[in-house]
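One structure below.
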Amino acid sequence: MHGKSFHLIFMFLGLNLFFGSFIILNEIRFEFYRFYTPMLMNPVLASSKIDFAAWLIFSIIILIVFLFTLNKLNKALIKNAYLTLIFLLTASLFIFLFKLNLVFLILVFWLTFFSLIYLINLKFKASKLKLLSLIASPPLFLIALIAFLSSLFFLFYYLKSFYILPIEFERKIINLNIQIFYVLYALTEFLILTLTFIWFWCPLTSLIKLNIEFNLIKRFTHAPLIASLILSSVLVGLPYLTRVGFIGVDAQWYFKALNQIKNFKSLSLMFTHEPRSFYLSILWFISILTASKETAVKFGPIFLSIIHIIAVFAFIYAVTKDNFLSGLSSFLAAFSFQATVGMYAGIYANWFSLSTAVLSLAFLIKAFKEKFKFIIPSIVFSIISMLSHPWTGIIIFSILIVYGLINLGYSAIKKFKERLKEVLCVLSLIAVNIALIAIAFIKSSGLSISLQAGSQILQSIKLSNAFTFLENFRFSLKFYVGGFFIAPIIYLIGLTAAPIIFKEKILLKLFASWFIVTFFLLVFSDLWLKWRILYLMPFQILSCLGYIYLMKIFNKALLLKITLTTALFLQLFNYTLQCMLFIPEY
Numbered sequence: 011m012h013g014k015s016f017h018l019i020f021m022f023l024g025l026n027l028f029f030g031s032f033i034i035l036n037e038i039r040f041e042f043y044r045f046y047t048p049m050l051m052n053p054v055l056a057s058s059k060i061d062f063a064a065w066l067i068f069s070i071i072i073l074i075v076f077l078f079t080l081n082k083l084n085k086a087l088i089k090n091a092y093l094t095l096i097f098l099l100t101a102s103l104f105i106f107l108f109k110l111n112l113v114f115l116i117l118v119f120w121l122t123f124f125s126l127i128y129l130i131n132l133k134f135k136a137s138k139l140k141l142l143s144l145i146a147s148p149p150l151f152l153i154a155l156i157a158f159l160s161s162l163f164f165l166f167y168y169l170k171s172f173y174i175l176p177i178e179f180e181r182k183i184i185n186l187n188i189q190i191f192y193v194l195y196a197l198t199e200f201l202i203l204t205l206t207f208i209w210f211w212c213p214l215t216s217l218i219k220l221n222i223e224f225n226l227i228k229r230f231t232h233a234p235l236i237a238s239l240i241l242s243s244v245l246v247g248l249p250y251l252t253r254v255g256f257i258g259v260d261a262q263w264y265f266k267a268l269n270q271i272k273n274f275k276s277l278s279l280m281f282t283h284e285p286r287s288f289y290l291s292i293l294w295f296i297s298i299l300t301a302s303k304e305t306a307v308k309f310g311p312i313f314l315s316i317i318h319i320i321a322v323f324a325f326i327y328a329v330t331k332d333n334f335l336s337g338l339s340s341f342l343a344a345f346s347f348q349a350t351v352g353m354y355a356g357i358y359a360n361w362f363s364l365s366t367a368v369l370s371l372a373f374l375i376k377a378f379k380e381k382f383k384f385i386i387p388s389i390v391f392s393i394i395s396m397l398s399h400p401w402t403g404i405i406i407f408s409i410l411i412v413y414g415l416i417n418l419g420y421s422a423i424k425k426f427k428e429r430l431k432e433v434l435c436v437l438s439l440i441a442v443n444i445a446l447i448a449i450a451f452i453k454s455s456g457l458s459i460s461l462q463a464g465s466q467i468l469q470s471i472k473l474s475n476a477f478t479f480l481e482n483f484r485f486s487l488k489f490y491v492g493g494f495f496i497a498p499i500i501y502l503i504g505l506t507a508a509p510i511i512f513k514e515k516i517l518l519k520l521f522a523s524w525f526i527v528t529f530f531l532l533v534f535s536d537l538w539l540k541w542r543i544l545y546l547m548p549f550q551i552l553s554c555l556g557y558i559y560l561m562k563i564f565n566k567a568l569l570l571k572i573t574l575t576t577a578l579f580l581q582l583f584n585y586t587l588q589c590m591l592f593i594p595e596y
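Numbering (the working numbering), first residue to last: 11 to 596.
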């Protein structure tokens, strides 16, 4: 009786929370934006009445199971339990008599349930992790199932143009999944701003005991990475299965620029005046292999997605030394803004430059933590980043300067000799970038032209923009690049990376530098520039680290790990799928 009734309480409570949340959201009803379109938050599984009936049935079942469990308690606990039930009865009668909102009734029931759980657990002494696993797993399973069905319906409709099940049912499931994904929509701006200051408040997590030993699985260590590479390639290539033309705003420009390259000589000449020549040269080599320049432009994003996932994997692995978890977390890079926004805007050179910058930083961390020789690939990828998209390269260079200054200040406080290796590594990257910029201004090239054009961007940095920051920031989230930056779940997972960032001082200093530079630009830049700054923020890396932290603290709760991972990945897969299929043809 003990085990079965105890488990039943929590499983039914999880379902009760799921249905109760729907009812509360229906009562609150707020407007949210999805892909430029305003929608109303009113999630319904079957109908409002049926959802309420389901919640009420689960509530009654929980109360009945509680009553059967009370005889296991001592007299003092039984007395407190009956007082709690009297409170529930009195509060319910008060709510019905005064015709108060259903939200109050649900909250009263939840307060009662959690009070009774506390009392019963004083007797059974189950771990908090076990209780959380039992409560959270049923709703997470339902969220995963809804996301899976929604994705399946989307794919069959867009690829095969037919409905598997009745149209109304499919539309209801798809709409329900959209409502679930955007349930934290109102917190999007707050989550982003909180994430940009993670380096400032993460010391508050110092009370959390975290043993950063991530070597958990010895077999099939590279399987998740391979799977994420395949999935990312499929997602990025998917729009071209349903469209004839080019996908992405700048895709046509790359095709026209590629057509101007007739041979190696014309490619060399392009480097003298075109800042995006490095990526164009990659497309040219792909066009030789595929015998089609159009195919090269369309295949390019698949190449970029592979590079980006490898870069994020390398960065996470440099921190954790765990192939399996790093590979598993790289799925979040497949669902990142770099893929969705990069495809929508067609900013391929920007995407490539950022990916190589992440690779450079990954080897920089390895140079700090392991051998100094890793500074060589770090320098190489830093050069590639600067040459590929100088505007991105300059921002990364600015981050490195701030990082170097923080390191110098940190070394002055701590023992300088112990920090000398780290300082030398950063200074090496800064020196190489300074040399590149100097050469660019001495000899005319695409890099120098881009750097001169960058001065126009600096002119958009104004103090007056700070006064309209929140208004412009909100507008840019809603109405730029498909509104793809409105993905609260990515920011929420990123926040859970705080304990790892505080534990790893290298990450603390690096993310402090990254966000100090980008947040400054975000606040003082003009409206049109804000989405470009958001694109360069390391949200994908933080979400990967946050996911790893969750897997670490839930290490002993296998059921919770599986349901959380499944629900998270399927929700983000569905989000990415919808983004890719929304991108217009150009």
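For glycine and all other residues, C-beta sits at the position ideal for the given N, C-alpha and C.
(1) Name the residue from G492, L132 and S339 whose alpha carbon lies nearest to the alpha carbon of A507.
(2) Would you call the stretch 474-491 and the stretch 174-183 in contact, with 3 or more CB pairs under 8 Å?
(3) Between I72 and F22, how many whole angstroms is the CB-CB distance? I'm expecting something under 8 Å.
(4) Does DSSP classify F345 as helix, strand or coil?
(5) Is the beta carbon of L107 closer than 8 Å to that of F20?
(6) Do you know offhand how far T575's Cα is from L268's?
(7) Do T300 and F494 have their C-beta atoms within less than 8 Å of each other?
(8) Any idea which residues DSSP pairs F451 with across the strands?
(9) At 3 residues or longer, what runs of the beta strand (DSSP E) sit wholly inside the stretch 95-169?
(10) Is the Cβ-Cβ distance between E37 and L112 less than 8 Å?
(11) Excluding the five sequence neighbours on either side, which residues of its own chain have a C-beta within less than 6 Å of the C-beta of S238, listed in chain order?
(12) Using a Cβ-Cβ cut-off of 7 Å (strictly less than) and excluding sequence neighbours within five positions of L364, which residues of its own chain qualify?
(13) With C-beta atoms as the reference, is L277 less than 8 Å away from W263?
(14) If we count the other Cβ atoms within 10 Å of its Cβ and call it buried at 16 or more, is T122 buried or exposed?
(15) Which term fits G255, buried or exposed, when burial requires 16 or more other beta carbons within 10 angstroms of its beta carbon?
(16) Beta strand (DSSP E) containing F281: first to last residue?
(17) What is the rounded straight-line gap between the Cα of A154 and the Cα of K431?
(18) Once DSSP output is grouped into helix, strand and coil, what is the label at M547?
(19) Could you tell me how far apart the beta carbons of L517 and I511 are, in whole angstroms, since I believe they sit closer than 8 Å?
(20) Identify the residues that DSSP records as bridge partners of P48: which are they?
(21) Just the C-alpha distance for F323 and L235, rounded to the nearest angstrom, thanks.
(22) By DSSP's criteria, I257 is part of a beta bridge. Which residues make up the other side?
(23) Using the C-alpha atoms, what's the distance from P249 back to Y167?
(24) If you drop the 5 nearest sequence neighbours on each side, which residues of the same chain put their C-beta closer than 6 Å to that of F552?
(25) Taking a contact to mean a Cβ-Cβ separation below 8 Å, would you say E304 touches F265 in this structure?
(26) What's the gap between the Cα of Y289 and the Cα of H283?
(27) Can you give the Cα-Cα distance for V390 and S57, rounded to whole angstroms?
(28) Determine, using beta carbons only, whether I296 and A306 come nearer to each other than 8 Å.
(29) How many Å lie between S216 and L369 at the Cα?
(30) Can you check which of these residues, F451, L532 and K488, is closest to K472 by C-alpha distance?
(31) Return the Cβ separation of I496 and Y46 in integer angstroms, given the expectation that the two are a contact with Cβ distance under 8 Å.
(32) Taking only three categories from DSSP, how would you classify H17?
(33) Can you check whether the CB of L115 is closer than 8 Å to the CB of I105?
(34) The alpha helix (DSSP H) with T330 in it runs from where to where?
(35) Determine the burial state of F373: buried for a count of at least 16 other Cβ atoms within 10 Å of its Cβ, exposed for fewer.
On the basis of the supplied data:
(1) S339
(2) no
(3) 5 Å
(4) coil
(5) no
(6) 41 Å
(7) no
(8) Looking at the DSSP assignment, F451 forms no beta bridge with any residue, so it has no partner.
(9) none
(10) yes
(11) I319, S340, F341 and A344
(12) Q348, T402 and L546
(13) no
(14) buried
(15) exposed
(16) Taken as a continuous stretch (DSSP letters only), F281 belongs to no beta strand (DSSP E), as it is neither H nor E.
(17) 46 Å
(18) coil
(19) 5 Å
(20) Y43
(21) 8 Å
(22) E595
(23) 13 Å
(24) The sequence given here places Leu at residue 552; Phe does not occur at that position. Once the five neighbours on either side are set aside, the close Cβ partners of L552 are G504 and A507.
(25) yes
(26) 14 Å
(27) 59 Å
(28) yes
(29) 29 Å
(30) L532
(31) The Cβ separation is near 10 Å, so there is no contact.
(32) helix
(33) yes
(34) K303 to T330
(35) buried
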